[in-house]
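Plus 59 on top of the position in the sequence shown (first one is 1) and you've got the working numbering. Note that beta-carbon positions come from the ideal geometry of N, C-alpha and C, so glycine has one too. Comments concern the structure below.
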Amino acid sequence: MVSIMVKLIAIDGADGSGKTIISQHLQEHLKSKGKKALIIEYPRNTFFGNIASKLLVAGRNRSDSETAVIPLLLAFSYAVDFLFSTVSYRFKKGADTIIFVRYTLTLAYLPERIGTILFIFFTKLLPAPDIGIYVKVSEEIALSRFDQVHEKELPQITENPILLQSVNKKMEKLSKLSSHPKWQELNNDGDLETLFQQVEEIYDNSHL
Numbered sequence: 060m061v062s063i064m065v066k067l068i069a070i071d072g073a074d075g076s077g078k079t080i081i082s083q084h085l086q087e088h089l090k091s092k093g094k095k096a097l098i099i100e101y102p103r104n105t106f107f108g109n110i111a112s113k114l115l116v117a118g119r120n121r122s123d124s125e126t127a128v129i130p131l132l133l134a135f136s137y138a139v140d141f142l143f144s145t146v147s148y149r150f151k152k153g154a155d156t157i158i159f160v161r162y163t164l165t166l167a168y169l170p171e172r173i174g175t176i177l178f179i180f181f182t183k184l185l186p187a188p189d190i191g192i193y194v195k196v197s198e199e200i201a202l203s204r205f206d207q208v209h210e211k212e213l214p215q216i217t218e219n220p221i222l223l224q225s226v227n228k229k230m231e232k233l234s235k236l237s238s239h240p241k242w243q244e245l246n247n248d249g250d251l252e253t254l255f256q257q258v259e260e261i262y263d264n265s266h267l
């Protein structure tokens, strides 16, 4: 299935939780240990990834009647892009570690029953990460971060605080359903120095 020589790290969490900055720091930490880590973040610049990007933009100004439709279409586009990348990443040359920014916990964006069923299915289908990191953050802090990144990044589908709160609750439930990987929780409500130290400890204690 996947080459045992390539290690897989998954970093997941709701929008605004800090997945990107954590993955970048972890990449640098691995570099300091003589390893080469490749980051794969969604949506990618692929056919389905671009569809997901357009849905994110549309989601910023959606009406109430669209709140169910856009996340479903977004989840489908994301899932197809995601499945292609989990098959193809083993062919990446020169990398000994792959860091996925978003993994199966992202299914929390779907209605709870559908998301739970698919989570159980994909947990059995997809390669299990050697390390799974679940990043938690309060809704208040996540929403404050959205305003800071809009000029540089795509809008987030969970800019609606009620939807963000719902996704956080469902994501925490999903994280407790899986024993392999056992998702390790990080809280990103505090300072970055402490967060980075915790990320390094998780990796160093894994003995990869």
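query, result
"Beta-carbon contacts of F178 that lie in its chain and below 7 Å, excluding the five residues immediately before and after", "T163, L166, L233 and L236"
"First through last residue of the beta strand (DSSP E) which encompasses Y162", "Run containing Y162: none; DSSP gives neither H nor E here."
"For N246, the three-state DSSP class (helix, strand or coil)", "strand"
"Distance CB(A69)-CB(I261) smaller than 8 Å", "no"
"Where the beta strand (DSSP E) through D71 begins and ends", "K66 to G72"
"As assigned by DSSP and simplified to three states, the class of G191", "strand"
"Start and end residues, alpha helix (DSSP H) containing L185", "From DSSP, L185 is part of no alpha helix (DSSP H); its letter is neither H nor E."
"Three-pair Cβ contact test at 8 Å for the region 94 to 101 versus the region 219 to 228", "no"
"Contact set for E125: own chain, Cβ-Cβ below 7 Å, skip 5 residues either direction", "For E125, the predicted structure reports a pLDDT of 44, less than 50, and the residue's modelled location is therefore unreliable. The matter cannot be settled from this model."
"Buried or exposed by the 16-neighbour rule on C-beta atoms within 10 Å, applied to G173", "Here the sequence assigns Ile to residue 173, which means Gly is not the residue at that position. So I173 counts as exposed."
"For L169, three-class secondary structure by DSSP", "coil"
"Distance CB(N247)-CB(A73) smaller than 8 Å", "no"
"Limits of the unbroken alpha helix (DSSP H) element including L254", "L251 to S265"
"Nearest candidate by alpha-carbon position, reference G250, set K66, L67, D71 and G77", "Correcting the residue type first, residue 250 is Asp in the shown sequence and not Gly. Ranking K66, L67, D71 and G77 by Cα distance to D250 puts G77 first."
"With 16 other Cβ atoms within 10 Å as the buried cut-off, status of M64", "exposed"
"S82 classed as buried or exposed, judged by whether at least 16 other C-beta atoms fall within 10 angstroms", "buried"
"Distance between E87 and I80 (C-alpha atoms, nearest Å)", "11 Å"
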